[in-house]
Amino acid sequence: LARAWAETPTKWYPLPIAVGALLLMFMQYRKRLPPREVHVDEEGREVVRLKGPWQVHVLGALPLRNLSRVWGYLNSVELPVWFRPTGLRVYSWIFGCNLDEIEHDLKSYKSLGDFFYRRLKAGARPPADSVLVSPADGTILHFGTIKNRRVEQVKGSTYSLDALLGVETSSSPPSTPVHFPERDMAELNDRHFADINGIEYSVQELLGASTPSSNGSATPARDAPAGIPLKENAVDSPKKHGELVDASVSDEQSTTAEVAARHASVAAEMGVRASAKRRGSGTEVKPGNELFFTVIYLAPGDYHRFHSPTAWVVEKRRHFVGDLFSVSPWMARRLENLFVLNERVALLGRWKYGFFSMVPVGATNVGSIRINFDQDLRTNVGSRRNHPTGTYTEAVYSAASPILDGQPLTKAQEMGGFCLG
Amino acid sequence: STIVLIFEAPQDFQFSITEGQKVQVGQELGDV
Numbered sequence: 009l010a011r012a013w014a015e016t017p018t019k020w021y022p023l024p025i026a027v028g029a030l031l032l033m034f035m036q037y038r039k040r041l042p043p044r045e046v047h048v049d050e051e052g053r054e055v056v057r058l059k060g061p062w063q064v065h066v067l068g069a070l071p072l073r074n075l076s077r078v079w080g081y082l083n084s085v086e087l088p089v090w091f092r093p094t095g096l097r098v099y100s101w102i103f104g105c106n107l108d109e110i111e112h113d114l115k116s117y118k119s120l121g122d123f124f125y126r127r128l129k130a131g132a133r134p135p136a137d138s139v140l141v142s143p144a145d146g147t148i149l150h151f152g153t154i155k156n157r158r159v160e161q162v163k164g165s166t167y168s169l170d171a172l173l174g175v176e177t178s179s180s181p182p183s184t185p186v187h188f189p190e191r192d193m194a195e196l197n198d199r200h201f202a203d204i205n206g207i208e209y210s211v212q213e214l215l216g217a218s219t220p221s222s223n224g225s226a227t228p229a230r231d232a233p234a235g236i237p238l239k240e241n242a243v244d245s246p247k248k249h250g251e252l253v254d255a256s257v258s259d260e261q262s263t264t265a266e267v268a269a270r271h272a273s274v275a276a277e278m279g280v281r282a283s284a285k286r287r288g289s290g291t292e293v294k295p296g297n298e299l300f301f302t303v304i305y306l307a308p309g310d311y312h313r314f315h316s317p318t319a320w321v322v323e324k325r326r327h328f329v330g331d332l333f334s335v336s337p338w339m340a341r342r343l344e345n346l347f348v349l350n351e352r353v354a355l356l357g358r359w360k361y362g363f364f365s366m367v368p369v370g371a372t373n374v375g376s377i378r379i380n381f382d383q384d385l386r387t388n389v390g391s392r393r394n395h396p397t398g399t400y401t402e403a404v405y406s407a408a409s410p411i412l413d414g415q416p417l418t419k420a421q422e423m424g425g426f427c428l429g
Numbered sequence: 397s398t399i400v401l402i403f404e405a406p407q408d409f410q411f412s413i414t415e416g417q418k419v420q421v422g423q424e425l426g427d428v
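These protein sequences, in sequence, are chains A and B.
First residue of the first sequence: 9, per this note's numbering; consecutive thereafter.
First residue of the second sequence: 397, per this note's numbering; consecutive thereafter.
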């Protein structure tokens, strides 16, 4: 082989002129193609379609949502106690989980899904002293500024901001209000007033009056009128209702005083005078501001709960039912509009600089997204066929705090997570 | 799974991260 490599003479042959001409024509043709092909509907909104190499079309033909549910079921099977330490150590070794920082003994995790949704020891993730911190453990896929309302997925490939977050339409039905649990106001007396930027507010003003519904269920909404292309107004099935309450961190489990203090803290951080009564999670930016984005990928071994990245108020959530493609960097480089095609929960609100949103995007292995303060949210249920790409169900959180007009969250407060299947 | 953050901030907002960097909950992403 060495001799052949060294001694074989190189012979050059002239390419036929026709081949060269064809190559030049092809290159010219590629140059003249428009930079991006956009399909729009009759109202001018972008219609998102599956685009990419043959591999993504093969994956698109698979029943990903059903596979995700089967995966979730398999991972919910209870493991024998004697097997848990060994089995979970093997899983941790394969996916690089740090067992030194988990909250409980390995034997206490009943299933792989239970371990996947593990908690960390208190103080394992002290928040940094900056306005924006990471909401999750993971890898930064991309970040930057948003130009012309398009978010860059990878270099040269973008997706529409409106398609990701949804847009209001004049024909949209009203949003479903989420009711919050009744609180015992008698727990507090007149001393419990919050002084926010020189204005005193009672706890009742901060947290709102008690609602007639104490079980946290959303008001059943009427059917969406026909012909609304982008928005539905349906409420997901209430089954498994109790399972979605996060035991130790949700507002439902905190005392009224703790919740009031948290709300007051967020109000003070945001400047309640300016933010009060200012509704609307529009993405129009104020002069001197810009829209920024960052994408964080959570690998299978990472801690899969997510926390609030800043002090902000969540005004509404939009649940987009979609596909469940893998969101690995490999896929993100190949499948255009990956984050717009996949099932996701867009939480929209505001922080002290204006608009703020956080969008947990599901994947094949983690189709279930939980939001601690939203017991009505059900993800990875129902049929994908009944939910065309771009449609969503919307809920508003204005009942959580009338002054802030939404659900206040402090920096690094746990707000939900991803579950297997 | 993936989390996308989209937010309005003053033009002098600076990210303190790099692409491909591993981050943890609570770690600084950027500041004004």
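C-beta: ideal position from N, C-alpha, C; glycine also.
The model shown is predicted, which means the values in this text are computed figures rather than measured ones.
query = What's the call for VAL374/A, buried or exposed, on a 16-neighbour Cβ count within 10 Å?
reply = Burial state of VAL374/A is buried, judged by a 10 Å Cβ sphere holding 16 or more other Cβ atoms.
Close beta carbons around GLY80/A, own chain, < 6 angstroms, minus the five adjacent residues each side = The answer, listed in chain order, is LEU428, GLY429.
query = Which residues in chain A sit within 7 angstroms of GLN407/B, going by Cβ to Cβ distance?
reply = The answer, in chain order, is GLY296, ASN297, GLU298.
key: Exposure label - THR16/A; buried when at least 16 CB within 10 Å   = Under this definition THR16/A is an exposed residue.
task = Give the straight-line distance between the Cα atoms of GLU422/A and THR291/A, rounded to the nearest whole angstrom.
result = About 25 angstroms.
ask   = Should THR387/A be flagged as near chain B, meaning a C-beta pair shorter than 8 angstroms?
value = Taking Cβ atoms only, chain B never reaches closer than 8 angstroms to THR387/A, which makes this a no.
request  = Grab the span of the beta strand (DSSP E) containing ASP427/B for me, first residue to last.
outcome  = Element bounds for ASP427/B: 424–427.
query = Can you give the beta carbon distance from GLU412/A to HIS271/A, rounded, assuming they're within the 8 angstroms contact cut?
reply = Reading the sequence as shown, one finds Leu at residue 412/A and not Glu. With 8 angstroms as the limit, LEU412/A and HIS271/A qualify as a contact, their Cβ atoms being about 7 angstroms apart.
task = Answer with buried or exposed for ASN380/A, where buried requires no fewer than 16 other C-beta atoms within 10 angstroms of its C-beta.
result = Within a 10 Å sphere around the beta-carbon of ASN380/A sit 16 or more other beta-carbons, which makes this residue buried.
task = Note down the Cα distance separating HIS112/A from SER76/A, rounded to an integer number of angstroms.
result = Rounded to the nearest angstrom, the two C-alpha atoms are 27 angstroms apart.
inquiry  = Tell me the rounded alpha-carbon separation between ILE25/A and GLY104/A.
reply    = One C-alpha to the other measures close to 56 angstroms.
Between the CA atoms of ILE148/A and MET33/A - distance to the nearest angstrom = For MET33/A and ILE148/A, the gap between their C-alpha atoms comes out near 40 angstroms.
task = Using only alpha-carbon positions, find the residue among LEU31/A, ARG97/A, LEU70/A, ARG133/A that is nearest to SER119/A.
result = When only C-alpha atoms are compared, the closest one is ARG97/A.
ask   = Is PHE426/A closer than 8 angstroms to SER376/A when the C-beta atoms are compared?
value = The criterion of a C-beta distance shorter than 8 angstroms is satisfied by SER376/A and PHE426/A.
task = Identify, in the order they occur along the chain, each residue of the same chain with its Cβ nearer than 6 angstroms to the Cβ of PHE364/A, setting aside the five sequence neighbours on each side.
result = Shown here for PHE364/A: same chain residues with a beta carbon closer than 6 angstroms to its own, the five before and five after excluded, namely TRP320, GLY357, ARG358 in chain order.
query = Of the residues that make up the stretch 130–148 of chain A, which ones have a beta carbon closer than 9 angstroms to any beta carbon in chain B?
reply = Against chain B - using a Cβ distance shorter than 9 angstroms - the residues of the stretch 130–148 of chain A are ALA132, ARG133, PRO134, PRO135, ALA136, ASP137, SER138, VAL139, LEU140, VAL141, SER142, PRO143, ALA144, ASP145, GLY146, THR147, ILE148.
Identity of the residue in GLU109/A, TRP62/A, ALA354/A, LYS419/A nearest GLU277/A by Cα = If we check each option's Cα against that of GLU277/A, LYS419/A comes out closest.
request  = At 7 angstroms on the CB atoms, spell out the chain B contacts of ILE304/A, in chain order.
outcome  = Those are THR398, ILE399, VAL419, listed as they occur along chain B.
message = Can you check whether the C-beta of GLN423/B is within less than 8 angstroms of a C-beta belonging to chain A?
response = Taking a beta-carbon distance threshold of 8 angstroms, GLN423/B counts as an interface residue toward chain A.
request  = Specify, as a first and last residue, the run of the alpha helix (DSSP H) that THR94/A falls within.
outcome  = Note, THR94/A: alpha helix (DSSP H), 92–103.
ask   = So, do the stretch 333–344 of chain A and the stretch 55–62 of chain A have three or more beta carbon pairs nearer to each other than 8 angstroms?
value = A contact exists between the stretch 333–344 of chain A and the stretch 55–62 of chain A.
message = Please report the straight-line C-alpha distance between LEU169/A and GLY95/A, rounded to a whole angstrom.
response = When rounded, the separation of the alpha-carbon atoms in LEU169/A and GLY95/A is 42 angstroms.
inquiry  = For a test of the three-state rule: what should DSSP assign to ALA405/B, helix, strand or coil?
reply    = Strand at ALA405/B.
message = Please list, in chain order, the chain B residues whose beta carbon lies closer than 8 angstroms to that of SER100/A.
response = Simply none; closest approach about 17 angstroms.
ask   = For SER409/A, which option in HIS312/A, GLY131/A, THR264/A, ILE304/A has the closest C-alpha, if you only look at C-alpha atoms?
value = The shortest Cα separation from SER409/A among HIS312/A, GLY131/A, THR264/A, ILE304/A belongs to THR264/A.
inquiry  = Considering just the uninterrupted stretch of the alpha helix (DSSP H) at HIS271/A, what are its terminal residues?
reply    = Taken as a continuous stretch (DSSP letters only), the alpha helix (DSSP H) holding HIS271/A covers 264–278.
Local conformation of ASP108/A per DSSP, three classes = If DSSP states are grouped into helix, strand and coil, ASP108/A belongs with the helices.
query = Are three or more beta carbon pairs between the stretch 150–159 of chain A and the stretch 123–132 of chain A nearer than 8 angstroms?
reply = Segments in contact, no.
N-terminal and C-terminal residue of the alpha helix (DSSP H) that PRO337/A is part of = Run containing PRO337/A: 337–342, per the alpha helix (DSSP H) assignment.
query = Taking only runs of the alpha helix (DSSP H) that begin and end inside the stretch 109–169 of chain A, which ones reach a length of at least 4 residues, in chain order?
reply = The qualifying runs are 120–124.
key: Candidates SER316/A, GLU176/A, HIS395/A, VAL335/A, of which the one nearest GLY398/B by Cα   = One detail in the question is off: residue 398/B reads as Thr in this sequence, not Gly. Closest by alpha carbon: VAL335/A.
inquiry  = For the beta strand (DSSP E) containing TYR405/A, name the first residue and the last one.
reply    = Looking at the DSSP string, TYR405/A is not in any beta strand (DSSP E), and its letter there is neither H nor E.
ask   = Distance, Cα to Cα, LYS418/B vs PRO337/A?
value = Taken atom to atom, the span from the alpha-carbon of LYS418/B to that of PRO337/A is near 13 angstroms.
ask   = Just to confirm, are VAL348/A and ALA171/A a CB contact at a threshold of 8 angstroms?
value = For the pair VAL348/A and ALA171/A, the CB atoms are nearer than the 8 angstroms cut-off.
request  = Taking all protein chains shown into account, decide if ASN156/A is buried (16 or more other Cβ within 10 angstroms of its Cβ) or exposed.
outcome  = So ASN156/A counts as exposed.
query = Among residues of its own chain, excluding the 5 on either side of LEU140/A, which ones have a beta-carbon nearer than 8 angstroms to its beta-carbon?
reply = In the same chain as LEU140/A, and ignoring 5 residues on each side of it, the C-beta atoms closer than 8 angstroms to its own belong to PRO317, THR318, in chain order.
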